[in-house]
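Novice:
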Amino acid sequence: MLSSEERRRLADMAAEIARADRRFADGLRDGRPCAPRELRWGAGRITVFLLTIAVLTVSIVLAATGVTILGMCSLPAVGIALGWVVRGWYRC
786 MLSSEERRRL
796 ADMAAEIARA
806 DRRFADGLRD
816 GRPCAPRELR
826 WGAGRITVFL
836 LTIAVLTVSI
846 VLAATGVTIL
856 GMCSLPAVGI
866 ALGWVVRGWY
876 RC
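Take 786 as the starting number for the sequence shown in this note's numbering and just add one per residue.
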């Protein structure tokens with residue numbers, strides 16, 4: 786259990802954050818670390834990440850089986866998608 790002093794300090798910190806960033810304050814109030822819009826972005830990025838891993842796997846298999854052009858053409862798309870996903874992890 787938190788002492789009354791610790792609860793007061795946490796409430797002060799939450800109030801300070803609420804003044805600085807309204808979206809983050811909404812997330813704190815609801816018990817989530819991010820605002821709902823940020824959660825949707827996160828879910829979308831995870832989906833893109835998983836699809837990117839699937840495309841990477843297929844492109845490696847295609848390149849290994851001799852369909853080199855298809856395999857090599859999809860690798861830049863994988864790099865672009867992974868960059869988009871990783872950059873988005875720091876939004877929230």
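Glycine included, C-beta positions come from ideal geometry on N, C-alpha and C.
Less than 7 Å between CB atoms is the rule here; does residue 797 satisfy it with respect to chain C?
Specialist: Reference to chain C is not applicable here, since this structure consists of a single protein chain.
Novice: Going by DSSP in three states, residue 787 sits in which element: helix, strand or coil?
Specialist: Three-state DSSP puts residue 787 in coil, outside helix and strand.
Novice: Determine the DSSP secondary structure at residue 832, reduced to helix, strand or coil.
Specialist: Note: residue 832 maps to helix in three-state DSSP.
Novice: By how many angstroms is the C-alpha of residue 842 removed from the C-alpha of residue 862?
Specialist: Residue 862 and residue 842: Cα-Cα distance of roughly 13 Å.
Novice: Determine the direct distance from the alpha carbon of residue 832 to that of residue 826, and round the result to whole angstroms.
Specialist: Residue 826 and residue 832: Cα-Cα distance of roughly 10 Å.
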